[in-house]
Amino acid sequence: MDRVRSALDELVLQAKKSFRSLAEDDRSPVEKLLDMHLDDAALVGPPTAALHDFASRTFNVVDCKRILQRLWHMIETAPDRPH
């Protein structure tokens, strides 16, 4: 009985760890792409594949809203650069 209990406890702990790791990164796929490719340190633009992915997502109302919010935030937080 103790073996079963310890196995179940281990299973519960593993499930909790996996749920915590999912909860830590609750960004949508388009937000992950934006964070990956739209940073101030980039000397070159985003790769063509990422641009195609962004373009395909603009037909999705939810993703389009997130893309525009992120771009507007980047414009607002960069007062030292001309817009």
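With the numbering used here applied, the sequence shown covers 41 to 123. The beta-carbon is built from N, C-alpha and C at its ideal position, and this holds for glycine as well.
What do you get for residue i, buried or exposed, if any count of 16 or more other CB atoms within 10 angstroms of its CB means buried?
i: aspartate 75; result: exposed
i: leucine 73; result: buried
i: aspartate 49; result: exposed
i: aspartate 66; result: exposed
Rounded to whole angstroms, what's the CA-CA distance from residue i to residue j? Just pull it up for me.
i: serine 96; j: methionine 41; result: 54 Å
i: histidine 92; j: arginine 110; result: 17 Å
i: isoleucine 115; j: valine 44; result: 57 Å
i: proline 87; j: alanine 47; result: 46 Å
Check for me: the alpha helix (DSSP H) holding residue i runs from which residue to which?
i: methionine 76; result: 69-77
i: methionine 41; result: Looking at the DSSP string, methionine 41 is not in any alpha helix (DSSP H), and its letter there is neither H nor E.
Using CA coordinates, which residue listed in the options is at the minimum distance from residue i?
i: alanine 89; options: Phe99, Asn100 and His77; result: His77
i: arginine 106; options: Glu116, Phe94 and Thr117; result: Phe94
i: histidine 113; options: Lys56, Gln54, Val52 and Glu71; result: Glu71
i: asparagine 100; options: Leu51, Ser68, Thr117 and Pro87; result: Ser68
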